[in-house]
Amino acid sequence: RALLLWTLEPAERDAFLADQTIRKWDPKNHVLIELACARSPKELILAREAYHARFKRSIEEDVAPHVKSGYRK
Numbered sequence: 019r020a021l022l023l024w025t026l027e028p029a030e031r032d033a034f035l036a037d038q039t040i041r042k043w044d045p046k047n048h049v050l051i052e053l054a055c056a057r058s059p060k061e062l063i064l065a066r067e068a069y070h071a072r073f074k075r076s077i078e079e080d081v082a083p084h085v086k087s088g089y090r091k
């Protein structure tokens, strides 16, 4: 898995990590929060586009069912 992450572009890596986090949802897993806080707006847009290109789904729609209302903003 580490080798795979090294071979991906940063936006693709973020999209992959987001997908893995969503699939194995755990409220104590803070990967999505870390990505949202540590990336610039441009990097977030690139990750969003990479997610859509790779998985043919919207990251917002995949995350929404798991997020409590306080974090949705």
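Under my numbering, think of the first position of the sequence shown as 19, with each following residue one higher.
Every residue gets a Cβ at the ideal spot worked out from N, C-alpha and C, and that includes glycine.
- Distance from Ala-29 to Ala-65 at the Cβ level is roughly 5 Å; contact confirmed, criterion being Cβ atoms closer than 8 Å.
- By the neighbour-count definition (other C-beta atoms within 10 Å, threshold 16), Ala-82 is an exposed residue.
- Residue state for Val-81 is assigned as helix, using DSSP reduced to three classes.
- For Asp-44 against Tyr-69, the beta-carbon gap comes to about 19 Å, at or over 8 Å, which does not count as contact.
- Straight-line spacing of the CA atoms in Thr-25 and Ser-58 works out to 21 Å.
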